[in-house]
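Participant:
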Amino acid sequence: GEVTLTLKGRHLVVPRAARDAARFSFVDLCEKPLGARDYLAIAGRFSTVFIDHVPVLGEGKRNEAKRFILLIDTLYDHHMRLLMSAAAPPEGLYTAKRGTEVFEFERTASRLVEMQSRDWLDGWAERRKDGVQPAEARQAQG
């Protein structure tokens, strides 16, 4: 069902959540004015994130691309499991030819590929087996 995370008086709606997994659309995460604090709250509460309907992003979607880059960086840094449906493979998701996002998105595409790898998923599963949980779940148990 739906879950609401409260962040310093603001509310972030998680459209679908169960245990430590959350499901969002690209619109939910990248076409709304979300930032690092929001993505960190998601990473602190869940270990698996589903993102549906990631489009190909061009020149007219620079803000959305910046948010997507920040989101993927956050999920990557927290070594989360990501399941994503997208309109193109990682290297084809950003089509703009100029701007700093071009180079930043190359890193994002590389991270998306790595997050699909057997090593990444095995590492995620190993940490789960060892009892490593999202930060909020650890606090609730403590």
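Numbered per the numbering used here, the sequence shown spans residues 1127 to 1268.
In this text, a Cβ means the ideal position worked out from N, Cα and C, and glycines have one as well.
The structure presented is a predicted model; accordingly, all values stated were derived computationally and were not measured.
(1) Return the residue from the list P1216, A1169, A1222 that minimises the CA-CA distance to G1186.
(2) Measuring straight from C-alpha to C-alpha, what distance separates A1147 and G1170?
(3) Nearest-angstrom Cα distance between R1233 and P1216?
(4) Quick check on the DSSP output: the beta strand (DSSP E) that includes T1130 runs from which residue to which?
(5) Just the C-alpha distance for D1245 and F1172, rounded to the nearest angstrom, thanks.
(6) Could you round the C-beta distance between R1163 and L1131 to whole angstroms and report it? I think they count as a contact, below 8 Å.
(7) Does the beta-carbon of L1227 have 16 or more other beta-carbons within 10 angstroms, so that it is buried, or is it exposed?
(8) For F1231 and R1253, what's the separation of their Cα atoms in angstroms?
(9) Can you tell which of R1193, G1249, L1219 has the C-alpha that lies nearest to the C-alpha of K1205?
(10) What's the C-alpha gap between D1203 and R1237?
Facilitator: Considering the structure as presented:
(1) Taking only the C-alpha atoms, the option nearest G1186 is A1222.
(2) Here the C-alpha atom of A1147 lies approximately 11 Å from the C-alpha atom of G1170.
(3) Roughly 10 Å between the two C-alpha positions.
(4) Taken as a continuous stretch (DSSP letters only), the beta strand (DSSP E) holding T1130 covers 1129–1133.
(5) So the two alpha carbons sit approximately 20 Å from each other.
(6) 10 Å between Cβ atoms; not a contact.
(7) Rather than Leu, the amino acid found at residue 1227 in this sequence is Glu. Buried is the call here.
(8) Each residue's alpha carbon lies about 28 Å from the other.
(9) Going by the sequence as given, residue 1205 is His instead of Lys. Out of R1193, G1249, L1219, the CA that lies nearest to the CA of H1205 is found in G1249.
(10) The alpha-carbon atoms of D1203 and R1237 are separated by roughly 10 Å.
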